[in-house]
Amino acid sequence: MTNSVATFSVMIIGGGIGGLALAHGLRRAGIRADVYERTHERTDWLQGYRIHVSPAGARALHDCLPPPNWQEFLRAAAPGGGFGFLTDQATDLLAFADTEINAPGAAEPDRHYGIGRIPLRAALLTGLDDALHLGQAFTRYELAGDEVIAHFADGATATADVLIGADGANSLVRAQLLPQAHRIDTGVVTVAGRVPDISGLPAELRTRANIVIPRSRGSLFTAVESTEAIWGYSDAATRYPAGVTTYDGATLRRLVRSRIASWSPAFHDLIEKSDPATINAFHVKSATPVPPWPTTRVTLLGDAIHNMTPMAGIGANTALRDAALLTHRLTTLTGEPATAADPAALISAIHDYEAEMLDYGFTAVRRSLRNARQSATSSPLARAAFRTTLRLTAALPPARHAMARSLGR
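Okay, so the sequence shown: first residue is 1 according to our numbering, each after it adds one.
Given below as structure tokens:
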């Protein structure tokens, strides 16, 4: 990072993981960066489940964060843990220990980590009090010469040289910048919940993340966060009752158990021990590919542009990659900081970011969409072939090693 002080400013709409990481990266480089978040309290958006931070995500986070924040992240994070593919009878198809996934002696940023959303956001919020503007619900922007003016619901405005839409899957910045960009319903519904007490569950459900691949329909994801577990059962929307997303937690719990009636008792215990207040159902959505657009002083980051399904576990890591890349592009142009006095260089930096981001971002979208559809709609024959492939990988050390190295990267 350069220590030069740039003469331009950036406003970031949305205080999610990517937006906060970007703010840190820019501020480290001497660029004024302010975050405008629609919620009123820092705790309003400190909810959610465990996040897997891959080596790529960890490197991006490390590059953006000041050293004290990185250390705060390390103190709160745990090793990424193992990962396994299970049958519906709770037997391993293929399983990796943490020591297999993380290369021995890997440096801090080049490792897998697991961390809850609350401690991750705490590490991202530290040191940003003077840059975080809460209760600012963005409505629209306007380009005014070499500036961008943001308008908020309370009538307030803010002005900067660059505006970044990091306002999530329902981004209002994207709606104005790219009205042709849409999200599609993937045809998959997921029911998810949290288990507050994992004692008594089998070791594989207490110590690692898993994907359960039954012989027939549906799939189940499980993971561990401290002393709790989280799970998500996915299947084609057509296989659920109408209005399932409006069901209460207790009804959804009974519904999932009825769908896994022939599965191992271990999975019934997992679902039954869930807190009904944490169980919800949602339609899984995904962004549609967006071709390059004419670059302006407004651009997008994370879910605001390449929202993806949770089935690949790479959404947060891709947003962090965006933050690190955009930081680099905005702070380094032919070895010098970009300045407001050089608008052409600034537009060029944003253009280069968009070109690279669209490439890897929508590659990730396609991967997660493929996983979502396979988890819910693949045929019994396709599932049998995949289960056989997993068993062969488990039995062949070179294939096993290659897959372990590739997980989450």
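Ideal placement from N, C-alpha and C gives every residue a C-beta, glycine not left out.
According to the DSSP assignment, ALA95 belongs to the beta strand (DSSP E) that extends over 92 to 96.
No residue range can be given for LEU65, since it is assigned to no alpha helix (DSSP H) and is classified by DSSP as neither H nor E. Judged by pairs of C-beta atoms under 8 Å, the segment 141 to 158 does not touch the segment 193 to 204, as fewer than three such pairs exist. The Cβ atoms of THR227 and ASN210 do not sit closer than 8 Å to each other.
ASP322: member of the alpha helix (DSSP H) spanning 315 to 331, first to last residue. Counting only runs that start and end inside the segment 171 to 212, the beta strand (DSSP E) elements of at least 3 residues fall at 183 to 195 and 208 to 212. Proximity to ASP130 across ALA58, ALA404 and ARG32 peaks at ARG32, based on C-alpha coordinates. With fewer than 16 neighbouring CB atoms inside 10 Å of its own CB, PRO398 falls in the exposed class.
Bounds of the alpha helix (DSSP H) holding GLU354 are 343 to 377. Where THR389 is concerned, there is no enclosing beta strand (DSSP E), although the alpha helix (DSSP H) around it starts and stops at 380 to 395. The beta carbon of GLY313 sits closer than 6 Å to the beta carbons of HIS52 from its chain, once the five residues preceding and following it are set aside; these are given in chain order.
Beyond the five residues adjoining it in sequence on each side, THR393 comes within less than 8 Å, by CB distance, of LEU94, ALA399, ARG400 and MET403 in the same chain, given in chain order. Beyond the five residues adjoining it in sequence on each side, LEU74 comes within less than 6 Å, by CB distance, of no other residue in the same chain.
Put simply, the segment 226 to 246 does not touch the segment 154 to 161. Fewer than three CB pairs are less than 8 Å apart. For ARG367, the CB contacts under 6 Å within the same chain, skipping 5 residues up- and downstream, are ALA312 in chain order. Within the same chain, LYS285, SER286 and THR288 come within 7 Å of ILE184 by CB-CB distance, once the 5 residues on both sides are set aside.
Of the candidates ASN69, ASN307 and PHE282, ASN69 places its Cα closest to the Cα of LEU120. Annotation for ALA277: GLY249 place their beta carbon closer than 7 Å to its own, counting only its chain and skipping 5 residues before and after. Rounded to whole angstroms, ALA166 and GLY218 show a C-alpha spacing of 32 Å. In the same chain as ASP303, and ignoring 5 residues on each side of it, the C-beta atoms closer than 6 Å to its own belong to GLY168 and ALA169, in chain order. ARG321 sits buried, since 16 or more C-beta atoms from the chains shown fall within 10 Å of its C-beta. In this structure, ILE230 is the residue among ILE230, GLN180 and THR126 with its C-alpha nearest to the C-alpha of GLY116. For ILE213 against PHE85, the beta-carbon gap comes to about 6 Å, under 8 Å, which counts as contact. TYR141 and GLU37 have their alpha carbons spaced roughly 15 Å apart. The alpha-carbon separation between PRO310 and ARG257 amounts to approximately 22 Å. The beta-carbon distance between TYR360 and THR299, rounded to whole angstroms, is 15 Å. This is too long to meet the 8 Å contact definition.
The three-state secondary structure of PHE152, taken from DSSP, is strand. Taken atom to atom, the span from the alpha-carbon of SER375 to that of ASP269 is near 22 Å. Between LEU326 and PHE267, the gap from beta carbon to beta carbon reaches 8 Å or more. The residue among GLU108, THR99, VAL35 and GLN89 with its C-alpha nearest the C-alpha of GLN71 is GLU108.
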